[in-house]
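Novice: Chains as they are written, first to last, in the numbering used here: chain A, 351 to 531; chain B, 351 to 531.
Positions of the beta carbon are idealized from the N, C-alpha and C atoms, including for glycine.
Number of protein chains: 2
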Amino acid sequence: MTTVENGVNVQALLDARAALKDAPEAAQFTWRATSKWEKGVHSTIRVQQFHGLGAEQTHKSESVFDADHPAVFAAEDNGITPIEFLLVGLASCLTAGVASVAQNRGIQLRSVESTVEGNHDIRGILGDSDVRNGYNDIKVTFHIDADATKQEIEALVAQSQKRSAVFDALTNPTDVTVTVA
Amino acid sequence: MTTVENGVNVQALLDARAALKDAPEAAQFTWRATSKWEKGVHSTIRVQQFHGLGAEQTHKSESVFDADHPAVFAAEDNGITPIEFLLVGLASCLTAGVASVAQNRGIQLRSVESTVEGNHDIRGILGDSDVRNGYNDIKVTFHIDADATKQEIEALVAQSQKRSAVFDALTNPTDVTVTVA
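Written out as structure tokens, the structure is:
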């Protein structure tokens with residue numbers, strides 16, 4: 351068997367799956383972000399700490415993001431629009447899944463690119479109650495070059511979708527509670 | 351009446367709402383992201399172009415994001431985890447809404463901070479079919495300092511939630527189609 355190297359430590363993930371089966375409390379993660387309003391619809395958001403494996407964890411560095419609205423919304427465009435961050439998460443989650451599944455199946459990847467498009471009728475957020483606020487639908491298109499048949503590549507993408515955290519979060523409802531301290 | 355300045359051009363948004371009522375096709379936006387696999391579960395995602403008001407539009411600059419998994423997932427932690435981007439979008443969307451609604455209601459904001467926490471049982475993404483892949487639930491806590499009563503501040507947050515694109519996208523299902531070109 352040819353050695354495949356996509357850079358994913360599949361054995362560690364299989365070991366984690368086995369370990370967490372007997373320690374479900376360690377599998378409870380809490381991801382966190384903190385935001386600070388700057389001015390107008392511009393805010394900065396920071397991500398570094400999270401909880402998992404029964405302890406506080408930290409990313410090796412803090413990530414800071416700017417979110418704003420574009421000039422066509424009469425804003426200053428200091429960063430991408432909040433709803434665009436969902437597309438960033440979806441693209442990266444599905445791509446990580448493709449790499450992991452390919453590694454597990456012994457398929458060498460050469461390149462994986464995707465385009466994500468979210469269709470959005472902005473009359474909802476502007477106050478029209480007959481139009482939903484979020485996306486009407488989202489389309490993801492992958493371009494993948496790998497040592498595999500078209501059918502094998504399609505199966506990689508299908509399996510990635512089946513185990514994608516972000517795909518699930520967007521296609522199924524999640525309870526979100528908002529409170530004022 | 352005191353002049354309130356939160357930096358949101360509410361009149362432009364009200365004008366847009368009126369204009370788009372008679373031109374629904376101009377209200378159809380398509381937001382886009384493109385991703386490129388780097389190595390392992392690391393990818394880079396770019397956002398700049400979008401479609402809206404019947405034409406191609408562009409952010410004033412391109413935004414580039416790194417997504418990866420942390421060291422506890424046996425990865426290199428070159429960026430935040432895909433599912434964390436959903437929290438970035440949620441925090442910034444609700445914050446933009448608070449600022450817009452406050453401006454419209456004549457409430458001066460001094461500071462708006464929030465913490466967003468997403469609870470996630472990672473056994474799902476590791477392959478346990480009895481556990482969902484996405485978040486179990488998400489909690490958002492706002493700390494707001496404004497020239498307003500506690501009740502008025504709570505009403506700001508409630509109205510923001512009611513018109514938030516990302517809140518809707520996370521609490522209600524969206525059709526996501528994934529294809530291989």
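Using the Cβ count rule (16 or more neighbours within 10 Å means buried), how would you classify VAL414 of chain A?
Specialist: exposed
Novice: Which residues in chain A sit within 7 angstroms of GLU434 of chain B, going by Cβ to Cβ distance?
Specialist: In chain order: TRP381, ALA383 and VAL397.
Novice: List the residues of chain A whose Cβ lies closer than 7 angstroms to the Cβ of GLU504 of chain B, in chain order.
Specialist: At a C-beta separation below 7 angstroms, GLU504 of chain B has these neighbours in chain A: VAL530.
Novice: Can you check whether the C-beta of VAL462 of chain A is within less than 8 angstroms of a C-beta belonging to chain B?
Specialist: So, interface residue.
Novice: So VAL358 of chain A contacts chain B; which residues on that side make the cut at Cβ distance below 7 angstroms?
Specialist: GLY390 and VAL391
Novice: Name, going along the chain, the residues of the segment 481-496 of chain B whose beta-carbon falls closer than 9 angstroms to a beta-carbon of chain A.
Specialist: VAL481, ARG482, ASN483, GLY484, TYR485, ASN486, ASP487, ILE488, LYS489, VAL490, THR491, PHE492, HIS493 and ILE494
Novice: Verify whether the separation of the beta carbon atoms of ASN356 of chain A and LEU444 of chain A is less than 8 angstroms.
Specialist: no
Novice: Let me know the secondary structure DSSP gives MET351 of chain A once reduced to three states.
Specialist: Residue placement at MET351 of chain A cannot be trusted, given a pLDDT of 48 that sits under 50; what the coordinates show is reported in the next sentence. Of the three classes helix, strand and coil, the one that applies to MET351 of chain A here is coil, per DSSP.
Novice: Within the continuous beta strand (DSSP E) that includes ARG460 of chain B, where are the two ends?
Specialist: 459-471
Novice: In chain B, which residues lie with their C-beta within 8 angstroms of the C-beta of ILE430 of chain A?
Specialist: VAL397, HIS409 and SER413, listed in chain order.
Novice: Identify whether SER385 of chain A lies in helix, strand or coil by the three-state DSSP scheme.
Specialist: strand
Novice: Note down, in chain order, all residues in the segment 452-477 of chain A with a beta-carbon under 9 angstroms from any beta-carbon belonging to chain B.
Specialist: GLN453, LEU459, SER461, VAL462, GLU463, SER464, THR465, VAL466, GLU467, GLY468, ASN469, HIS470, ASP471, ILE472, ARG473, GLY474, ILE475, LEU476 and GLY477
Novice: Given a cut-off of 8 angstroms, decide if VAL391 of chain A and ASP427 of chain A are closer than it, judged by their beta-carbon atoms.
Specialist: No.
Novice: From the DSSP output, which residues share a beta bridge with SER348 of chain A?
Specialist: Residue 348 of chain A is absent from the structure shown; chain A starts at 351 and stops at 531.
Novice: Does DSSP classify GLU406 of chain B as helix, strand or coil?
Specialist: In the structure shown, GLU406 of chain B adopts extended strand secondary structure according to DSSP, grouped into three states.
Novice: For SER294 of chain A versus SER442 of chain B, is the C-beta distance shorter than 8 angstroms?
Specialist: Past the edges of chain A, shown from 351 to 531, lies residue 294 of chain A, and the structure says nothing about it.
Novice: So is THR353 of chain A in contact with chain B if we call contact Cβ pairs under 8 angstroms?
Specialist: No, no contact with chain B.
Novice: For ASN483 of chain B, collect the residues of the same chain with a Cβ closer than 8 angstroms to its Cβ; drop the 5 residues on either side in sequence, then sort them by chain order.
Specialist: When the five nearest sequence neighbours on each side are left out, the beta carbons in the same chain lying within less than 8 angstroms of the beta carbon of ASN483 of chain B are those of GLY474 and ILE475, in order along the chain.
Novice: Which residues in chain B have a C-beta closer than 9 angstroms to the C-beta of ALA449 of chain A? List them in chain order.
Specialist: TRP387, LYS389, GLY390, VAL391, HIS392 and SER393
Novice: Flag ALA515 of chain B as yes if its beta-carbon sits less than 8 angstroms from any beta-carbon of chain A, otherwise no.
Specialist: yes
Novice: Quick one, which residues of the segment 367-380 of chain A are near chain B if we go by CB-CB under 8 angstroms, in chain order?
Specialist: Answer in chain order: ARG367, LEU370, LYS371, PRO374, ALA377, GLN378, PHE379 and THR380.
Novice: Taking contact to mean at least 3 C-beta pairs separated by less than 8 angstroms, is the segment 512-519 of chain A in contact with the segment 456-471 of chain A?
Specialist: no
Novice: Run down chain A in chain order and give the residues with a C-beta less than 8 angstroms from the C-beta of GLN511 of chain B.
Specialist: Ordered by position in chain A, the residues that pass the 8 angstroms Cβ test against GLN511 of chain B are VAL528.
Novice: Could you please give the first and the last residue of the uninterrupted beta strand (DSSP E) stretch that includes THR527 of chain B?
Specialist: 525-530
Novice: Does any CB atom of chain A fall closer than 8 angstroms to the CB of THR445 of chain B?
Specialist: Answer yes: the Cβ-Cβ gap between THR445 of chain B and chain A drops below 8 angstroms somewhere.
Novice: Kindly indicate the opening and closing residues of the beta strand (DSSP E) around ILE492 of chain A.
Specialist: The question names Ile, but residue 492 of chain A in the sequence shown is Phe. Segment 487-496, the beta strand (DSSP E) holding PHE492 of chain A.
Novice: Closest to THR353 of chain A by C-alpha separation, out of A:ARG455, A:PHE435 and A:THR380, would be which residue?
Specialist: A:ARG455
Novice: For TRP387 of chain A, I'd like the list of residues in its chain whose CB is within less than 7 angstroms of its CB, leaving aside the five on either flank, ordered along the chain.
Specialist: SER393
Novice: Can you pull the chain A residues whose beta carbon is under 7 angstroms from the beta carbon of THR524 of chain B, in chain order?
Specialist: Under a criterion of Cβ atoms nearer than 7 angstroms, the residues of chain A adjacent to THR524 of chain B are, in order, GLY484, TYR485, ASP487, ILE488, LEU520 and THR521.
Novice: Consult DSSP for THR445 of chain A and reduce its assignment to one of helix, strand or coil.
Specialist: Helix.
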